[in-house]
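Peer 1:
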């Protein structure tokens, strides 16, 4: 099957750190368990986000949080 490349941009984008980290939060009694499940990046026009999930939880909730300052300062790499 042929690929339609008309919509693909010729310029390469530099990878950038996510604007938010996606966490799956499940409540078990009085405790909450947080598991990282993905990340989100703001669109160029700042009117939406692209959400990339590495896994899709069945129960619980997904919380988007800004990464810690030291992570953001190192372009997504922890010190």
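Numbering (this note's numbering), first residue to last: 177 to 255.
A virtual CB, placed ideally from N, CA and C, is assigned to each residue, including glycine.
This one's a predicted model, so the numbers in the text were calculated from it and none came from an experiment.
Given a cut-off of 8 Å on the beta-carbon distance, is the pair residue 201 and residue 234 in contact?
Peer 2: Here residue 201 refers to the residue found at position 25 of the chain shown. Here residue 234 refers to the residue found at position 58 of the chain shown. No. Outside cutoff.
Peer 1: In angstroms with no decimal places, state the Cα-to-Cα distance between residue 226 and residue 213.
Peer 2: Working through the chain shown from its first residue, we reach residue 226 at position 50. Working through the chain shown from its first residue, we reach residue 213 at position 37. Each residue's Cα considered, the two are about 14 Å apart.
Peer 1: Short check: CB of residue 194 to CB of residue 210, under 8 Å?
Peer 2: Along the chain shown, one-based indexing puts residue 194 at 18. Along the chain shown, one-based indexing puts residue 210 at 34. Taking 8 Å as the Cβ cut-off, residue 194 and residue 210 do not qualify as a contacting pair.
Peer 1: Just to check my reading of the structure: residue 222 and residue 197 have Cβ atoms closer than 8 Å, yes? What is that Cβ distance to the nearest angstrom?
Peer 2: As a first step, residue 222 must be located in the chain shown, where it is residue number 46. As a first step, residue 197 must be located in the chain shown, where it is residue number 21. With a Cβ gap of about 19 Å, residue 222 and residue 197 do not count as contacting.
Peer 1: With a threshold of 7 Å on Cβ separation, who are the neighbours of residue 241 within its own chain once the five nearest residues in sequence on each side are excluded?
Peer 2: Sequence index remark: in the chain shown, residue 241 carries index 65 (1-based). Here the set comprises 196, 197 and 199.
Peer 1: Determine the extent of the beta strand (DSSP E) in which residue 231 is found, giving its start and end residues.
Peer 2: To locate residue 231, count along the chain shown from 1; it is residue 55. Here residue 231 belongs to no beta strand (DSSP E), and DSSP marks it neither H nor E.
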